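Structure (structure tokens):
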């Protein structure tokens with residue numbers, strides 16, 4: 001297929017349609033409004049449904065309703081909007097409803113700003129809403145990867161009956177890159193949800209979908225069922241990328257667009273003869289603990305770079321388990337670090353330890 | 355004109371003894387039972403069935419769908 | 428020979444209601460089930476239960492069902508209907524759910540003319556949480572959070588949802604009824620049928636507000652509660668049909 005130049009947000013929208021999604025509910029918020037705008041134009045062309053909602057609270061509950069019928073459905077939002085969706089996301093996780101969320105993360109906390117940031121890592125991977133649940137969280141670093149992971153997000157959501165999140169940021173959303181789109185999914189080949197979906201109780205017992213049971217022993221069973229599913233996902237779905245780690249003494253850990261910047265840092269360092277590599281989680285949940293732990297056997301120093309106060313840093317340290325030092329560099333509030341400043345910080349850290 | 359003759363059945367185990375049917379019945383067919391059901395309520399009892407005219411008022415007012423109404427033919 | 432006149436409708440599951448003795452929820456549940464039976468749409472109808480005493484409503488109806496987050500039933504119903512316009516969807520909501528936390532969702536679903544049906548139970552109090560003030564609590568009425576009576580200066584005024592909703596152009600049927608007498612029960616059933624017909628005929632959004640008693644939290648026996656409703660709630664919440672674009676039932 002031919003490559004086309006597309007903006008990140010629109011690429012995610014088109015990928016969703018190609019993946020067989022025909023229902024989008026969303027509320028405008030910067031810096032992702034191009035995605036609902038794209039869907040409002042594109043979905044009617046493929047007999048789909050676009051609805052601009054009255055709030056993010058309504059949005060997530062419309063996703064809940066559409067997902068109850070076994071229909072592929074998605075929304076996109078940005079940080080404060082995703083916070084508003086948290087209650088509904090928790091309901092959907094417990095009710096085991098498949099859906100795809102996109103959070104184009106902006107500076108926070110509070111109203112923050114509209115620049116790229118990674119401050120929602122904890123919210124995305126550690127819960128965010130109430131109760132024991134997890135989301136599958138995919139963190140693309142390029143527009144092409146955003147396309148590929150959007151398609152994957154729908155398949156994983158359906159396979160595991162769970163809400164799945166694309167954790168992007170304003171940089172990726174606004175960036176234009178050449179992209180190859182997948183073919184259109186034949187809608188008749190979408191997964192069959194007739195065993196549980198609400199489609200009308202014709203010739204069968206009613207299907208009930210809830211995140212509720214008043215009996216704690218039954219609710220505990222529901223919890224254990226979720227735990228079992230999450231263990232399964234941890235076993236099967238860990239994804240990551242390693243770049244020039246084979247001989248690396250120093251490994252930068254970063255996700256999303258920061259990892260993309262870090263790749264330039266690796267190249268800069270290699271030119272200077274420093275053996276630097278990059279470890280990039282693609283699924284930030286499930287986090288690639290094991291591969292990172294394995295890497296720690298031969299690496300001297302880890303250098304974690306994020307656009308937050310050190311959120312993935314905790315997972316990196318958990319993986320390495322105190323065996324090797326982990327240094328940290330960050331920018332916050334929507335400030336994107338340059339390759340130069342990361343490299344300077346890395347050199348300083350390396351020098352201090354030599 | 356022949357008087358309509360009705361017949362009702364009350365699911366006394368289901369009944370919570372609220373008395374809405376007793377109040378609604380125009381011919382005073384129903385009254386509270388002297389005995390208890392397993393929930394501990396005095397359920398409604400069709401004590402004077404010969405007066406029943408199959409109007410269905412008791413059925414309409416019953417909040418627990420305990421009453422089935424028939425017409426004798 | 429006995430001819431069967433009235434029995435448990437097929438659209439009810441037969442499971443015993445969890446409501447207190449004399450609570451009107453059960454009457455309204457039965458009416459909805461009767462209407463769905465009469466329209467022959469049970470196998471194509473989805474029920475969205477709320478948070479509140481009727482959180483278990485999904486167990487009482489014999490059809491596919493779910494529970495929405497508090498107040499969000501109209502959004503959940505919207506998602507269902509937009510995904511499956513060939514199915515029928517109704518929400519069942521109390522006054523806390525619909526008129527407090529869920530005001531945005533009900534207003535916008537109604538205004539969009541979502542082809543769904545909402546049955547709204549107004550008993551002027553929070554039932555499940557134990558008798559706190561609802562948006563529909565009457566002035567002067569004592570609840571567990573208005574121990575001195577609802578004070579307009581402090582607590583605001585009783586919410587009139589039908590009066591707000593009647594300005595929404597997407598509404599096809601809108602009525603307020605009560606079920607304190609067999610005649611009222613029949614009128615409520617007719618209203619519920621029209622609210623469903625608004626959806627079945629594809630005209631728009633339908634809502635019936637049913638004034639109901641809460642004997643337990645009002646602190647009255649069921650019969651006195653009905654008298655109290657007649658004397659106090661009717662003057663505040665006049666009954667009537669506010670919008671009817673459905674026309675004669677045929």
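Protein chains in written order, with the working numbering: chain A, 1 to 354; chain R, 355 to 427; chain E, 428 to 677.
Backbone N, C-alpha and C define an ideal beta-carbon position, used for all residues, glycine too.
Keep in mind that this is a model prediction, so the values were computed, not measured.
Between the CA atoms of residue j and residue i - distance to the nearest angstrom
i                      : j                      : result
residue 124 of chain A : residue 137 of chain A : 7 Å
residue 7 of chain A   : residue 103 of chain A : 16 Å
residue 65 of chain A  : residue 477 of chain E : 13 Å
residue 424 of chain R : residue 428 of chain E : 9 Å
residue 355 of chain R : residue 415 of chain R : Because residue 355 of chain R sits at a pLDDT of 47, beneath the cut-off of 50, its placement in the model cannot be relied upon, and the following sentence gives the value as read from the coordinates. Taking the straight line joining both Cα atoms gives about 28 Å.
residue 583 of chain E : residue 338 of chain A : 55 Å
residue 229 of chain A : residue 367 of chain R : 42 Å
residue 506 of chain E : residue 278 of chain A : 42 Å
residue 629 of chain E : residue 542 of chain E : 6 Å
residue 86 of chain A  : residue 171 of chain A : 24 Å
residue 743 of chain E : residue 310 of chain A : Outside the shown range of chain E, which is 428 to 677, sits residue 743 of chain E, and nothing can be said about it.
residue 131 of chain A : residue 346 of chain A : 39 Å
residue 3 of chain A   : residue 61 of chain A  : 36 Å
residue 194 of chain A : residue 70 of chain A  : 8 Å
residue 479 of chain E : residue 159 of chain A : 33 Å
residue 203 of chain A : residue 469 of chain E : 11 Å
Proximity to residue i [Cα-Cα], best of the options
i                      : options                       : result
residue 590 of chain E : E/428, E/443 and E/663        : E/663
residue 370 of chain R : R/427, R/417, R/360 and R/409 : R/417
residue 549 of chain E : E/557, E/562 and E/433        : E/562
residue 177 of chain A : A/27, A/329, A/10 and A/236   : A/10
residue 668 of chain E : E/658, E/639 and E/605        : E/605
residue 308 of chain A : A/349, A/299, A/257 and A/319 : A/257
residue 31 of chain A  : A/81, A/22, A/241 and A/320   : A/81
residue 602 of chain E : E/673, E/655, E/467 and E/513 : E/673
residue 618 of chain E : E/489, E/459 and E/567        : E/459
residue 326 of chain A : A/336, A/313 and A/167        : A/313
residue 526 of chain E : E/498, E/508, E/515 and E/514 : E/498
residue 90 of chain A  : A/252, A/223, A/151 and A/301 : A/223
residue 72 of chain A  : A/127, A/271 and A/98         : A/98
residue 59 of chain A  : E/535, E/568 and E/573        : E/535
Close beta carbons around residue i, own chain, < 8 Å, minus the five adjacent residues each side
i                      : result
residue 400 of chain R : 362, 363, 364, 383, 384 and 406
residue 487 of chain E : 439, 440, 442, 444 and 456
residue 689 of chain E : Here chain E has residues from 428 to 677 only, and residue 689 of chain E is not among them.
residue 266 of chain A : 243, 244, 252, 276, 277 and 278
Near the ligand HEM: residue i beta-carbon under 7 Å from a heavy atom
i                      : result
residue 455 of chain E : Here there are no bound small molecules, and the ligand HEM is not part of this structure.
Cross-chain neighbours of residue i in chain E, by beta carbon under 8 Å
i                      : result
residue 424 of chain R : 429, 430, 431 and 432
residue 199 of chain A : 491, 511 and 514
6 Å CB neighbourhood of residue i in its chain, flanking five on each side removed
i                      : result
residue 113 of chain A : 107 and 334
residue 135 of chain A : 163 and 165
residue 402 of chain R : 383
residue 156 of chain A : 136 and 164
residue 641 of chain E : 550, 552 and 554
residue 387 of chain R : 396, 397 and 399
residue 51 of chain A  : 25
residue 375 of chain R : 384, 398, 412, 415 and 416
Endpoints, beta strand (DSSP E) assigned at residue i
i                      : result
residue 103 of chain A : 99-105
residue 520 of chain E : 515-521
residue 636 of chain E : 632-638
Continuous alpha helix (DSSP H) stretch holding residue i: start and end
i                      : result
residue 506 of chain E : 500-510
residue 158 of chain A : 143-160
residue 258 of chain A : 256-271
residue 5 of chain A   : Segment 4-7 is the beta strand (DSSP E) holding residue 5 of chain A; no alpha helix (DSSP H) there.
residue 58 of chain A  : 56-68
residue 414 of chain R : 411-415
residue 350 of chain A : 339-353
Within chain E, the residues that residue i reaches when beta carbons sit closer than 9 Å
i                      : result
residue 388 of chain R : By Cβ distance, chain E contributes nothing, its closest Cβ being about 18 Å from residue 388 of chain R, past 9 Å.
residue 75 of chain A  : The contacting residues do not exist; residue 75 of chain A stays about 10 Å from chain E at best.
Contacts that residue i makes with chain R (C-beta to C-beta distance below 9 Å)
i                      : result
residue 446 of chain E : 370, 417 and 418
Cutoff 7 Å; reference residue i; Cβ partners in own chain excluding five residues on either side
i                      : result
residue 622 of chain E : 544, 600, 633, 634 and 635
residue 489 of chain E : 437, 438, 439, 440 and 469
Proximal residues of chain A, C-beta to C-beta of residue i below 7 Å
i                      : result
residue 496 of chain E : 61, 87, 88 and 91
Neighbouring residues, chain A, relative to residue i (Cβ below 8 Å)
i                      : result
residue 503 of chain E : 61, 62, 64, 65 and 68
Within chain E, partners of residue i - CB distance below 7 Å
i                     : result
residue 51 of chain A : 509
Interface partners of residue i on chain R, CB under 8 Å
i                      : result
residue 453 of chain E : 416, 417, 418 and 419
Within chain R, partners of residue i - CB distance below 7 Å
i                      : result
residue 609 of chain E : 378, 411, 414 and 415
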